[in-house]
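Throughout the first sequence, residue numbering follows this note's numbering, covering 9 to 284 in sequence.
Glycine residues also receive a C-beta, built at the ideal position from the N, C-alpha and C atoms.
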Amino acid sequence: MPELPEVEVLRRSLEPRLLGRRIERVQVLSPALREPLDRRALGRLAGRRVTRLRRRAKYLLIDVEGDSTLIIHLGMSGRLTVVPHAAPVERHEHVAFHLAGRGGKGRLRLVDPRRFGLAFALPTGRLATDRHFAHLGIEPLGDELTSRYFKQAARGRRGPIKSFLMDAKIVVGVGNIYASEAMWQARVHPRRSVARVSMATWQRLRDAVRGVLGQAIEQGGTTLNDFTDGEGNAGYFQVSLAAYGREGEPCARCGRSLRRLVQGGRSTYYCPGCQR
DNA sequence: CGTAGACCCTGCGCGC
DNA sequence: TGCGCGCAGGGTCTAC
């Protein structure tokens with residue numbers, strides 16, 4: 009479900025609703041996620057106030073007092089929302105953080121039908137070396153992402169540009185939707201080998217990745233099915249998608265019919281006319 | 001070492 | 001109406 013823009017939109021929407029509020033109680037309703045929920049570790053968050061919300065790659069990081077961090081990953085189908093204290097438990101609600109403080113009682117809940125998501129707690133200082141984060145590449149919206157970085161990272165690699173863009177060891181946050189969008193924007197064919205990308209094209213790809221992710225954040229993310237921010241609002245970047253999910257529709261740039269192909273078991277959408 | 005494919009799981013829309 | 005199939009925004013592990 010969520011790529012970097014959706015997690016960032018979620019972070020921004022939750023920030024005013026969580027900052028300074030206290031987690032009164034942690035309720036694990038259904039521990040079966042990608043990694044089983046650890047009742048004891050999550051329970052230790054109880055009694056602490058939220059001090060900061062951050063994002064790394066597609067992970068949401070909720071820092072609390074006492075140098076602990078709650079880490080949430082939404083997988084494909086996760087939804088994290090603040091609901092009224094008395095809201096009925098939803099199907100596939102895995103964990104609920106009962107909140108007190110400004111705004112009265114409430115609950116932050118993680119609902120995840122497909123169970124590819126994660127929720128765990130760590131001492132804040134241990135994040136960088138934790139196995140979930142240790143091997144992640146650079147953030148795409150920071151200063152480090154340059155055409156030179158891309159070129160350097162591609163040295164000695166084979167394989168298609170799409171896999172490269174989606175490889176979190178290179179650059180994080182680019183998932184299946186925004187990979188198609190960035191390649192369309194940069195006019196690069198998804199099967200193009202990374203060994204055959206010129207510096208000018210690396211520059212176009214770099215600009216396209218940043219541009220697409222940035223615009224998607226501004227527009228509240230992409231809601232294809234069920235993405236919402238922390239208040240339950242859908243995004244509207246889906247109306248701006250140029251390629252993803254548009255097989256058979258005319259390319260907005262050249263008019264050719266957009267096509268779908270499968271790479272690594274996942275759909276890629278592209279224009280056979282203007283992507284080379 | 002890098003890369004390709006299988007796999008984890010539920011739900012939805014489609015064609016029959 | 002019911003059923004089977006393909007597909008879905010993530011990441012990790014195994015086999016080459």
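Residue i and residue j closer than 8 Å at C-beta
i	j	result
G145	V179	yes
L107	R56	no
V220	Y252	no
L116	L26	yes
R64	N184	no
L53	L18	no
P13	A242	no
D71	R60	yes
L22	V90	yes
L266	V217	no
G228	D237	yes
G181	P148	yes
T230	L249	yes
R268	E255	yes
G281	C262	yes
Residue range of the alpha helix (DSSP H) that includes residue i
i	result
P13	L12 to L26
Residue range of the unbroken beta strand (DSSP E) whose run includes residue i
i	result
F128	L126 to P131
E32	R30 to V36
R268	R267 to Q271
S275	R274 to Y278
Option nearest residue i by Cα separation, candidates the options
i	options	result
A94	L82, T77 and K113	K113
G279	A260, P168 and Q271	The amino acid at residue 279 is misidentified as Gly; the sequence shows Cys. Answer by Cα proximity: A260.
T1	A176, L78 and R268	Residue 1 is absent from the structure shown; the chain starts at 9 and stops at 284.
R199	K177, G222, D175 and S171	S171
H100	D237, R110, A136 and D120	D120
S201	R166, N233 and E255	R166
Y277	D234, T236 and V196	V196
L135	F105, R62, K177 and G109	R62
T154	T209, G272, N233 and A142	T209
F105	L232, V34 and K66	V34
V58	E32, G83 and R47	E32
E73	P96, L130 and K66	L130
E11	G111, G222 and D138	G222
Residue i CB to nearest heavy atom of the ligand ATP below 7 Å
i	result
T89	This structure lacks the ligand ATP, and indeed carries no ligand of any kind.
Quick one: any contact between the stretch 124–139 and the stretch 29–46, if contact means 3 or more CB pairs under 8 Å?
-> These segments touch.
Any 3 or more C-beta pairs closer than 8 Å across the stretch 208–227 and the stretch 181–190 | Yes, since at least three Cβ pairs between the stretch 208–227 and the stretch 181–190 fall closer than 8 Å, the two stretches touch.
Minimum length 3: unbroken beta strand (DSSP E) runs contained in the stretch 124–211 = Uninterrupted beta strand (DSSP E) stretches at least 3 residues long and entirely within the stretch 124–211 occur at 126–131, given in chain order.
Complete runs of the alpha helix (DSSP H) confined to the stretch 42–82 [at least 4 residues] | Complete alpha helix (DSSP H) runs here, min 4: 47–51.
Is it true that the stretch 192–206 meets the stretch 162–182, where meeting means three or more beta-carbon pairs spaced less than 8 Å apart?
-> Yes, since at least three Cβ pairs between the stretch 192–206 and the stretch 162–182 fall closer than 8 Å, the two stretches touch.
Ignoring anything shorter than 3 residues or poking outside the stretch 87–114, list the beta strand (DSSP E) runs there in chain order.
-> Here the runs fully enclosed are 87–92 and 101–108.
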